[in-house]
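A.B. asks: Sequential numbering from 29 applies to the sequence shown in the working numbering.
Backbone N, C-alpha and C fix where the C-beta goes; we use that ideal spot for every residue, glycine too.
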Amino acid sequence: MRTLIKGGTIVNADATTRADVLVDGETIAMIGTDLQAGADRTVDATGKWVIPGAIDVHTHMELPFGGTFAKDTFETGTRAAAFGGTTTIVDFAVQTRGESLRQGLDRWHEKADGKACIDYGFHMIISDVRDDVLSEMDTLVDEGVTTFKLFTAYPGVFFSDDGAIFRAMQQSAKNGGLIMMHAENGLAIDVVAAQNAAAGNTDPYYHGVSRSPVMEGEATNRVIRLAEVAGAPVYIVHLSARDALNEVRRARDEGLPAFAETCPQYLFLSLEDMGNGFEGAKFVCSPPLRPADHQEDLWLGLLKDDLQVVSTDHCPFDFHGQKDLGKGDFRKVPNGLPGVENRVDLLHHGGVATGRLTPTRWVEVISAAPARMFGLPQKGAVAVGLDADLVVYDPQRTHTISASTHHMNVDYSCYEGWEVTGGSDVVLSRGKIIVDGDEWLGKTGDGRFLKRLRSPYLK
Ligand code: DUC
Ligand code: ZN
Ligand code: ZN
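This is how it looks when you write it as structure tokens:
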């Protein structure tokens, strides 16, 4: 099957070019002006942009959390992602305490195999650093699971102490993996949270105020310094606060291989959204939403490359039946927000349409940088020879975000009623049109597991 995408403007991370794109089978075969090549079908992209399919390197399909599971499966979550212009996800497989990495990874392969609608890779969450687990890390890197997430938060669940984190970093310095850190001081946060609950401050709002941004800044600096001594690169996930951003910037100015992502919720939503009684549970995630004045710092961080990536931390729980497990005690609200479908449009709306980011920088943070940093050389650009993961994007189209029309399997939206500028018209995954306007043309199980390369940041 040959598809000709005609008349559009290609927006890559490094350049914007008026050109046609010929897709042959699963790959991009030719790029040029007024291509006359024979094709089985033509997509008219006049007045539109042609961008590389977006890559979300932080999702949690079916994550077990607080006695329940994130609602999206690999089928529903990847279909929703595709409607939002995302053609690759990297999801977090989980090692629970006591088990091997292999057991956790096998479970995630079972969840995804035959279900994913777009290509996917895995990171591995390590909850239990042991000698055998450190050796297993080497095996996983060889299998293309090259990135590992550890936590300074969630004592008793995902938490690792500094020694364990340091050992994992030393191992990654040897095997070419990359350590990703959830950096909040969970031990101290749990003290404050317990004090708030005991004082009768049980509404979701107190989830936010119990988790001080200072505690994120402290943990961010700590893990960056552990990585420095271990001789390893480090990637801070879901950075939410100015305090943490300042630490990442300081480290980068010193020449350290420290990297970070933020998420749309930290750019658009704030602690105020967590007020309004139990409604605030819709916005409970960790790190929490911050006072609104942090947002402009994060936008500036994106512009200046102190932040390299925007991912979602997509982790949806229904308001009715899941979030309400925490009625009367904010500590029991499952942590996480839906968002895999909204990232590309929100970043276009708040970034490109407002003039904060150029179209090329937008493509960099949603697609090109994730591909480069997470070992996916066949993705992240509109270029001959790469996978034909492409989005015909309409930068003028406006639409209203709503739970009644979104494709994520969750009963609310954090952005209910927001009118955003920009939308994906046609989405191709390895040469197949999987979304055409409102129509789903993809197939469950067509998504392939991606073996990823080692971190390019090891010295
Ligand atoms: N934060 C969340 O909000 N959800 C899942 C895990 C995490 O770290
Ligand atoms: Zn996290
Ligand atoms: Zn997460």
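1) Would you decide whether residue 257 is buried or exposed? Buried here means 16 or more other CB atoms lie within 10 Å of its CB.
2) Tell me whether residue 257, by its Cβ, gets closer than 7 Å to a heavy atom of ligand 2.
3) Report the residue from 339, 162, 280 whose alpha carbon sits nearest the alpha carbon of residue 390.
4) With a threshold of 7 Å, establish whether the CB of residue 266 neighbours any heavy atom of ligand 2.
5) Which of the three DSSP states, helix, strand or coil, is assigned to residue 362?
6) Does the distance between the C-beta of residue 213 and the nearest non-hydrogen atom of ligand 4 fall short of 7 Å?
7) DSSP has residue 177 in a bridge; who is on the other side?
8) With C-beta atoms as the reference, is residue 37 less than 8 Å away from residue 372?
9) Where does residue 248 fall in DSSP's three states?
10) Which of helix, strand or coil does DSSP assign to residue 288?
11) Quick one: residues in its chain with C-beta nearer than 7 Å to the C-beta of residue 221, no 5 flanking neighbours on either side, listed in chain order?
12) What is the C-beta distance between residue 155 and residue 123, in whole angstroms, given that I count them as a contact (C-beta under 8 Å)?
13) Can you name the start and end residues of the beta strand (DSSP E) that residue 80 belongs to?
14) What's the C-alpha gap between residue 104 and residue 437?
15) Should residue 288 and residue 323 be called a contact, given that it needs their Cβ atoms to be closer than 8 Å?
16) Identify the continuous alpha helix (DSSP H) that holds residue 326 and give its terminal residues.
17) Could you pull out every residue in the same chain whose Cβ sits closer than 7 Å to the Cβ of residue 357, ignoring the five residues on either side in sequence?
18) Can you give me the C-alpha to C-alpha distance between residue 140 and residue 150, rounded to a whole angstrom?
19) With contact counted as at least three CB pairs below 8 Å, one residue from each stretch, are the region 39-54 and the region 457-469 in contact?
20) Regarding residue 313 and ligand 1, is the C-beta to nearest heavy atom distance less than 7 Å?
21) Do you know how far the Cα of residue 145 is from the Cα of residue 471?
22) Nearest to residue 192 by alpha carbon, out of 173, 83, 205, 162?
23) So residue 421 is in the beta strand (DSSP E); what residue range does that whole segment cover?
24) Could you check which residue in 100, 136, 160, 118 has the C-alpha nearest to that of residue 126?
25) Ligand 1 and residue 341: does any heavy atom of the ligand fall closer than 7 Å to the residue's C-beta?
26) In the DSSP assignment, find the beta strand (DSSP E) that holds residue 447 and state where it starts and stops.
27) Under 6 Å Cβ to Cβ from residue 29, same chain only, skipping five residues before and after it: list those, please.
28) Mind checking whether the beta-carbon of residue 370 lies closer than 7 Å to any heavy atom of ligand 1?
29) Consult DSSP for residue 146 and reduce its assignment to one of helix, strand or coil.
30) With DSSP collapsed to three states, give me the class of residue 481.
31) Could you tell me the distance, in whole angstroms, from the CA atom of residue 243 to the CA atom of residue 276?
32) For residue 7, name the three-state secondary structure that DSSP assigns.
33) Would you check if the distance between the CB atom of residue 331 and the CB atom of residue 385 is smaller than 8 Å?
C.D. replies: Let me spell this out:
1) As a position in the sequence shown, residue 257 is number 229, starting the count at 1. A residue is called buried once 16 or more other Cβ atoms fall within 10 Å of its Cβ, and residue 257, having fewer, is exposed.
2) Counting from one through the sequence shown, the residue named residue 257 turns up at place 229. No - ligand 2 has no heavy atom lying nearer than 7 Å to the Cβ of residue 257.
3) By one-based count along the sequence shown, residue 390 stands at place 362. It is 339 whose Cα lies nearest to the Cα of residue 390.
4) For the purposes of this step, residue 266 is taken as the residue at position 238 of the sequence shown. Under cutoff, so the answer is yes.
5) Taking the sequence shown and counting its residues from 1, one reaches residue 362 at position 334. DSSP places residue 362 in coil when its eight states are reduced to three.
6) Absence of ligand 4 is noted for the structure shown, with ligand 1, ligand 2 and ligand 3 being the only ligands found.
7) The residue given as residue 177 occupies position 149 in the sequence shown. DSSP output for residue 177 lists 153, 208 as bridge partner(s).
8) For the purposes of this step, residue 37 is identified with residue 9 of the sequence shown, where counting begins at 1. For the purposes of this step, residue 372 is identified with residue 344 of the sequence shown, where counting begins at 1. No, they are not a contact pair.
9) One-based indexing of the sequence shown puts residue 248 at position 220. Of the three classes helix, strand and coil, the one that applies to residue 248 here is helix, per DSSP.
10) Translated into the one-based positions of the sequence shown, residue 288 becomes position 260. Three-state DSSP puts residue 288 in a strand.
11) Translated into the one-based positions of the sequence shown, residue 221 becomes position 193. The answer, listed in chain order, is 238, 359.
12) The count along the sequence shown starts at 1 and reaches residue 155 at position 127. The count along the sequence shown starts at 1 and reaches residue 123 at position 95. In this structure, residue 155 and residue 123 form a Cβ contact; the two beta carbons are roughly 5 Å apart against a cut-off of 8 Å.
13) One-based indexing of the sequence shown puts residue 80 at position 52. Start and end: 77-80.
14) In the sequence shown, the residue the question calls residue 104 occupies position 76. In the sequence shown, the residue the question calls residue 437 occupies position 409. Answer to the nearest angstrom: the Cα atoms are 6 Å apart.
15) To locate residue 288, count along the sequence shown from 1; it is residue 260. To locate residue 323, count along the sequence shown from 1; it is residue 295. Their beta carbons are not under 8 Å apart, which means residue 288 does not touch residue 323 by this criterion.
16) Residue mapping note: residue 326 aligns to position 298 of the sequence shown, counting from 1. Looking at the DSSP string, the run of the alpha helix (DSSP H) that includes residue 326 is 323-331.
17) Locating residue 357 in the sequence shown gives position 329, where the first residue counts as 1. If the five residues before and after residue 357 are omitted, its C-beta is found closer than 7 Å to the C-beta atoms of 225, 230, all from its own chain and listed in chain order.
18) Position 112 of the sequence shown, counted from the start, is the residue given in the question as residue 140. Position 122 of the sequence shown, counted from the start, is the residue given in the question as residue 150. If I take the Cα positions, the gap works out to 10 Å.
19) The region 39-54, when compared against the region 457-469, does touch it at the 8 Å Cβ threshold.
20) Against the sequence shown, residue 313 aligns to sequence position 285. Ligand 1 approaches residue 313 closely enough that one of its heavy atoms is under 7 Å from the residue's Cβ.
21) The residue labelled residue 471 in the question sits at position 443 within the sequence shown. The residue labelled residue 145 in the question sits at position 117 within the sequence shown. If I take the Cα positions, the gap works out to 6 Å.
22) Counted from its first residue, the sequence shown places residue 192 at position 164. Nearest option by C-alpha distance: 162.
23) Taking the sequence shown and counting its residues from 1, the one referred to as residue 421 is at position 393. First-last of the beta strand (DSSP E) with residue 421: 418-428.
24) Numbered from 1 along the sequence shown, position 98 holds the residue referred to as residue 126. Check the Cα spacing between residue 126 and each of 100, 136, 160, 118: the tightest is with 160.
25) Taking the first residue of the sequence shown as position 1, residue 341 is located at position 313. The answer is yes for residue 341.
26) By one-based count along the sequence shown, residue 447 stands at place 419. Element bounds for residue 447: 447-457.
27) Mapped onto the sequence shown, residue 29 falls at position 1. Answer for residue 29: 68, listed in chain order.
28) What you label residue 370 is simply residue 342 of the sequence shown in a count that begins at 1. The closest heavy atom of ligand 1 lies 7 Å or more from the beta carbon of residue 370.
29) Indexing the sequence shown from 1 puts residue 146 at position 118. DSSP places residue 146 in coil when its eight states are reduced to three.
30) Here residue 481 refers to the residue found at position 453 when the sequence shown is read from its first residue. In this structure, residue 481 counts as coil in the three-state DSSP scheme.
31) By 1-based counting over the sequence shown, the position of residue 243 is 215. By 1-based counting over the sequence shown, the position of residue 276 is 248. Cα to Cα, residue 243 sits roughly 14 Å from residue 276.
32) The question about residue 7 has no answer, for the chain in this structure spans 29 to 487.
33) Within the sequence shown, residue 331 is the residue found at index 303, counting from 1. Within the sequence shown, residue 385 is the residue found at index 357, counting from 1. In contact: residue 331 and residue 385 (Cβ atoms closer than 8 Å).
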